[in-house]
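All remarks here apply to the structure that follows.
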Amino acid sequence: MGDLNKLTIAEARDKLRAGDVTSLELTEACLNAIDGAGALNAFVHHTPEIAREQAMAADERIAKGDAPAMCGIPLGIKDLFCTKGVPSQAASKILDGFKPEYESTVTQNLFDAGSVMLGKLNMDEFAMGSSNETSVYGNAVNPWRRGNDDAALTPGGSSGGSASAVAADLCLAATGTDTGGSIRQPAAFTGITGIKPTYGRCSRWGIVAFASSLDQAGPMTKSVRDAAIMLEAMCGHDPKDSTSADLPVPDFEALLTGDIKGKKIGIPKEYRMDGMPDEIEKLWTDGAEMLRDAGAEIVDISLPHTKYALPAYYVIAPAEASSNLARYDGVRYGHRARLAQGDGITEMYEKTRAEGFGHEVQRRVMVGTYVLSAGFYDAYYNRARKVRTLIKRDFEEVFAQGIDAILTPATPSAAFGLGEMSEADPVAMYLNDVFTVTVNLAGLPGVAVPAGLDKQGLPLGLQLIGRPWEEGDLLNLAYALEGAAGFVEKPGKWW
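Structural data, given as structure tokens:
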């Protein structure tokens, strides 16, 4: 019974229903795995008492025979989700000591379905980063290694702790959030599945805001089937979130037929970037062939405004962040700086924010404030919003031509070493989002599926971009791709 933490959600659900295992046994297996994985720094707030209590309640519910699919499943929760009575810091010093008196809608939905919270997971501060190196808790570490190299690798960001924990079997699945690729890029770096649903599919209420028009929660799992099961539990209309869509939530798992005959898959020429590694190019070509062999039609398409996506994103996201992060001032909650004799309210704001925010958050707040300032608003922010509209229109026109989904690489490389992309060149780090930000700007669903290994033995992922609100169809395409790719590799345990 020692390998219970290695089960998928689907496997665990079936064993729980059959009475072969209890949620408490699953939970203890995960808690033991977490205790032995301190080197990964994935879990940053441990909640074993809550986990055991929820597991026992889940076992009672299962025994009565009325339990939903996620009942009894042990999860990790990204530190961006507010969890009642449990530290929820968004990996920032400025929220030190903050314990919400309320539960985020997504975590409440999962707990209502009987899921178990093992603890809170590491992430980039306020979800701003692509490598989990901006966290107040220190770096999260990828369980994968390059060949015989002992260098610590990034698990990606901002949901780096989530990706690391799922890949290392510390939990059966985890919640993530995605503002510009923060579910899909870490999933690709760690050989797991991650889906960002359509904007509005999951409530944002109780999730610490980064960029409100881009943020979206989603599951990070060991398989596409698991992603379908967990996503259904996370979704649903929420009157507390004005951007939450009042649409029925399908049974995503039931839509996983694997039959994709006649589906049209677009290959956008603009995603063939200069300097793209040969391995990524080959993976992409192989992925298209796999889908063609499964009965899909592969069509070359154009998304002409793609080249403007990164610049537009890095104007819009910091602008929204500067506005959202204005609330962290040391007055109501979290960290407050020590004040000198004679300091007033302005000095308190300045010192608190200087001490509480890390360099990357400070950088983005300053960029955001600049692009929203008088004299620059039209030149930067308004122009970026117009570009966003053009990017969205590109996708609409392609889908209007009968394209069902778009296949692209998930990342421009495999996982890189922690510290290899130094803070001295933030733009190099921002380029990690080159394949993912368009999906957020257009509000579309996107899924990353592990599809192969590079020559150093590191996982590489492919991305499928779907039509709005058609996550079921998208997941079915991902399911077919997953089956064709046959990716079953796991990291060798060194931690």
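FYI, full-length UniProt numbering numbers position 243 of the sequence shown as 243, with every residue one higher than the one before it.
Here a beta-carbon is modelled for each residue, glycine too, at the ideal position from N, C-alpha and C.
Cβ neighbour criterion (16 or more within 10 Å) applied to residue i
i	result
A326	exposed
D251	exposed
M429	buried
I465	buried
residue 550	Lying before the first or after the last residue shown, residue 550 is absent from the chain, which here runs from 1 to 495.
K120	buried
E289	exposed
V224	buried
R467	buried
W494	exposed
I391	buried
I406	buried
E482	buried
G85	exposed
Q185	buried
A211	buried
N440	buried
D394	buried
Q401	exposed
D59	buried
residue 501	Lying before the first or after the last residue shown, residue 501 is absent from the chain, which here runs from 1 to 495.
R201	buried
E28	buried
Alpha carbon of residue i to alpha carbon of residue j, nearest angstrom
i	j	result
T352	Y380	29 Å
T221	L75	10 Å
E360	I62	45 Å
A91	H45	11 Å
S323	V367	11 Å
T175	P304	33 Å
E125	F376	27 Å
Q216	S203	8 Å
S130	L26	31 Å
G262	N476	13 Å
F81	T177	9 Å
A410	L372	31 Å
residue 515	A233	This structure cannot speak to residue 515, because the chain is shown only from 1 to 495.
N132	M123	5 Å
T47	T389	43 Å
K78	D473	27 Å
M117	T198	25 Å
V447	A127	19 Å
Q362	E320	13 Å
R272	E281	8 Å
P311	A168	35 Å
E101	T83	8 Å
E489	P277	22 Å
G417	L431	16 Å
G65	C30	24 Å
L214	D150	36 Å
Residues bridged to residue i [DSSP beta-bridge criterion]
i	result
Q456	Bridge partners of Q456: none, in fact.
A173	L75, T221
P268	I301
G461	P450
F81	I207
V86	T83
F43	L121
V116	P74
T438	Beta-bridge pairing links T438 to no other residue.
L310	Answer is none; L310 lacks a bridge partner.
P409	L462
D178	Q216
I195	V447
L231	L231 is not bridged to any residue.
G417	L153
Min CB distance residue i to chain D below 9 Å
i	result
R364	The displayed structure is made up of one protein chain only, and chain D is not part of it.
Integer-rounded CB distance, given that residue j should sit under 8 Å from residue i
i	j	result
E471	L231	7 Å
L95	G330	Contact flag wrong, Cβ pair sits at about 11 Å.
G266	I301	4 Å
F98	Q89	6 Å
G258	A485	13 Å between Cβ atoms; not a contact.
G218	G194	7 Å
G236	E103	Contact doesn't hold; Cβ gap of about 14 Å is too wide.
F487	G452	7 Å
I9	A173	6 Å
A163	T190	4 Å
Q) Is it a yes or a no for the segment 180 to 190 touching the segment 155 to 164, going by three-plus beta-carbon pairs under 8 Å? A) yes
(Q) For the structure I just gave you, are there three or more beta carbon pairs, one from the segment 340 to 358 and one from the segment 294 to 301, closer than 8 Å? (A) no
Q. Taking one C-beta from the segment 133 to 140 and one from the segment 40 to 54 each time, how about it: are there three or more such pairs within less than 8 Å?
A. yes
Q.
Under 8 Å, with one C-beta from each stretch per pair, do the segment 64 to 80 and the segment 10 to 26 reach the 3-pair mark?
A. yes
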